[in-house]
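*Asks:*
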Amino acid sequence: MDSAASSSAKKARKEKKEKKEKKEKKESPSEEPAAAAAAAGPTFISPIAKPLAGKKMHKNIFKAVRKATEAKMLKRGVKEVVKALRKGTKGLCVLAGDISPMDVISHLPVFCEELGVNYVFVTSKAELGEAAKTKRPTSCVLLTEEAAGADRFAEIIDEVKGLDFGIA
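Residue numbers (the UniProt record's numbering): 1 to 168.
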């Protein structure tokens, strides 16, 4: 009889479980401010992020990065950028200003100066990754003249040379 009683108890539990409907998860109000804060911009910018590009220059740089990505002429990430620079590739090194820890990219500005390669910082690694058409945020990219188009590339280089490097 115990087996009959236990089997009927199991059936009752199954019925109970089936009767309960899963409640839909409601969107928590805490997610909306986080998205708004992310859209507003990063709160942290590294103290070594000089020269920092302005809004108009950001647009030009990101357009050039997108164009270079489509042409598959873009080097992404610290490892690829350093490798390309060692091989003698000339271009524009675009670095993200909100990298933490900053030691990850702190050697790149000095390395670029030694090799005579222009570099500039942008405010967000997420925007840089998005412009490079990757799902991951990107800490740095290297644009070459062929990839970005000669006229746009020359315009960006002139703007970068006009920026304040903050060297005392």
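Virtual Cβ for every residue (Gly too), placed ideally from N, Cα, C.
State yes or no: is the C-beta of LEU85 within less than 8 Å of the C-beta of VAL122?
*Replies:* no
*Asks:* Could you give the first and the last residue of the continuous alpha helix (DSSP H) run that contains ALA131?
*Replies:* Unbroken alpha helix (DSSP H) run through ALA131: 125 to 131.
*Asks:* At 3 residues or longer, and completely inside the UniProt domain "Ribosomal protein eL8/eL30/eS12/Gadd45" (60 to 146): list those beta strand (DSSP E) runs for me, N to C.
*Replies:* 74 to 76, 92 to 96, 118 to 122 and 140 to 143
*Asks:* Could you give the distance in angstroms between the alpha-carbon of ILE156 and the alpha-carbon of LEU142?
*Replies:* 13 Å
*Asks:* When you compare the CB positions of SER124 and ALA150, do they come within less than 8 Å of one another, or not?
*Replies:* no
*Asks:* Is the CB-CB distance between GLU127 and PHE62 below 8 Å?
*Replies:* yes
*Asks:* Taking DSSP's pairing of strands, which residues face LEU52 in a bridge?
*Replies:* DSSP, once it has assigned bridges, lists PHE121 as partnering LEU52.
*Asks:* Could you check what DSSP says for PHE153 in three-state terms: helix, strand or coil?
*Replies:* helix
*Asks:* State buried or exposed for ARG76, treating a residue as buried only when at least 16 other CB atoms are found within 10 Å of its CB.
*Replies:* buried
*Asks:* Below 8 Å on the Cβ atoms is my contact criterion, and I expect CYS140 with VAL65 to pass it. Report the Cβ-Cβ distance as a whole number of Å.
*Replies:* The pair is not a contact, with the Cβ atoms about 11 Å apart (cut-off 8 Å).
*Asks:* In angstroms with no decimal places, state the Cα-to-Cα distance between LYS55 and PRO109.
*Replies:* Put simply, the backbone Cα of LYS55 is about 21 Å away from that of PRO109.
*Asks:* Taking the alpha-carbon positions, what's the PRO51 to LYS135 distance?
*Replies:* 26 Å
*Asks:* For ALA53, which residues of its own chain have a beta-carbon under 7 Å away from its beta-carbon, when the five flanking residues on both sides are left out?
*Replies:* Same-chain partners within the cutoff: ILE61, VAL120, PHE121 and VAL122.
*Asks:* Would you please verify whether the beta carbon of LYS125 is less than 8 Å from any beta carbon of chain C?
*Replies:* Going by chain labels, chain C is absent from the structure shown, which holds only one protein chain.
*Asks:* Please return the same chain residues whose Cβ sits closer than 7 Å to the Cβ of VAL102, not counting the five positions on each side in sequence.
*Replies:* At residue 102 the sequence reads Met, which differs from the Val that was named. Counting only Cβ-Cβ distances below 7 Å, and skipping sequence neighbours, we find SER46 and ILE48.
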